[in-house]
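The numbering used here numbers the first residue of the sequence shown as 36 and each following residue consecutively.
Cβ coordinates follow ideal geometry from the N, Cα and C atoms, glycine included.
Keep in mind it's a predicted model, so treat the numbers as computed, not measured.
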Amino acid sequence: MADDCFGHPRLAAIYDPLDPDRGDLDAYLRMADDFGARRVLDIGCGTGVFALLLADRGIEVVGVDPARASVDVARAKPGGERVRWICGDATDLPPLRVDLATMTANVAQAIVDPHVWQDTLRGAYGALRPGGRLVFETRDPAGRAWEGWTRENSRRVTEIPGVGPVESWVRLIDVSGPLVTFRWTYVFAADGQVLTSDSTLRFRERDEVETDLVARGFLVEEVRDAPDRPGKEFVFLARRP
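Structure representation (structure tokens):
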């Protein structure tokens, strides 16, 4: 099940204007260039921002996401016809032989069920050609990022063309071991509608992730720092032998 911020049509339509700075994707674009990737699988593609950046470079892209509303937004964007969009997840993909598979932003952490996580890694492995790489990021639990997820820190009003002002904020709901649950609230000034979206992320330790990757047959080549968030995230580079 996709969170409402991705799966609700009205929220999916405003996802990009509410999060316009995607400088975090620059590092992934550089890696695609460094690896000479010509075919990429974007797992958890959402509204298609990264997939379309890749397609702009002439790369063959498959974007997969379980949120139909987000996939619809992605498909309708300029250039959307250049990407193969799949509504689903990495556990049930058609035969692929990609050079690179990615999970950007919160995608890896949003897969909270351990069995689904293992199946996702298995699906990514199966989609890669021999020598292909899986790259994804996850927050370092030691940073305790959730402590800053408050209304005071996050509240803003965004003027969205064709929609009007939208007020939004996040509030922490629960911290239970590695699972952190939070709620986004959205208020549409045009008609007063209030929508909420609850999300849960799993904060995995570095050793745990490396163990999971090796168990699924990957070779862990490197664990990097996220250049836009130094000291806060792990970026895993794993290769299918």
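Secondary structure note for THR246: its alpha helix (DSSP H) is the uninterrupted segment 241 to 250. VAL170 and CYS80 have their C-alpha atoms spaced approximately 14 Å apart. Between VAL147 and the set THR216, ILE121, VAL133, ASP91, the nearest pair of CA atoms involves THR216.
Of all C-beta pairs linking the stretch 109 to 123 to the stretch 52 to 63, fewer than three are shorter than 8 Å, placing the two stretches out of contact. Pairing ALA86 with ASP77, the inter-Cα distance amounts to about 6 Å. Residue pairing for PRO276: DSSP places it in no beta bridge. Under the DSSP assignment, GLU194 falls in the beta strand (DSSP E) whose first and last residues are 191 to 195.
For ARG168, the pairing in a beta bridge is given by DSSP as LEU135, ARG274. For LEU214, the three-state secondary structure derived from DSSP is strand. THR173 sits buried, since 16 or more C-beta atoms from the chains shown fall within 10 Å of its C-beta. Contiguous alpha helix (DSSP H) elements confined to the stretch 100 to 147 occur at 103 to 111, 142 to 145, taking only those with 4 or more residues.
Where VAL84 is concerned, the enclosing alpha helix (DSSP H) starts and stops at 84 to 91. Here GLY167 is buried: its Cβ has 16 or more other Cβ atoms, across all protein chains shown, within 10 Å. Straight-line spacing of the CA atoms in LEU131 and ARG164 works out to 8 Å. In the displayed model, ASP263 falls within coil according to three-state DSSP, outside both helix and strand.
Relative to the Cα of ALA162, the nearest Cα in the group PRO44, CYS122, TYR221, VAL99 belongs to VAL99.
When the Cα atoms are used, THR246 and ALA72 turn out to be separated by approximately 26 Å.
Remark: fewer than three beta-carbon pairs, one from each stretch, lie closer than 8 Å, so the stretch 200 to 215 and the stretch 251 to 264 are not flagged as touching.
Bridge pairing for GLU257: LEU272 [DSSP]. One Cα belongs to LEU135, the other to GLU95, and the distance between them is close to 11 Å. Within its own chain, the residues whose Cβ lies closer than 7 Å to the Cβ of LEU46, once the five positions on either side in sequence are excluded, are ASP39, CYS40, TYR221, LEU230, SER232, listed in chain order.
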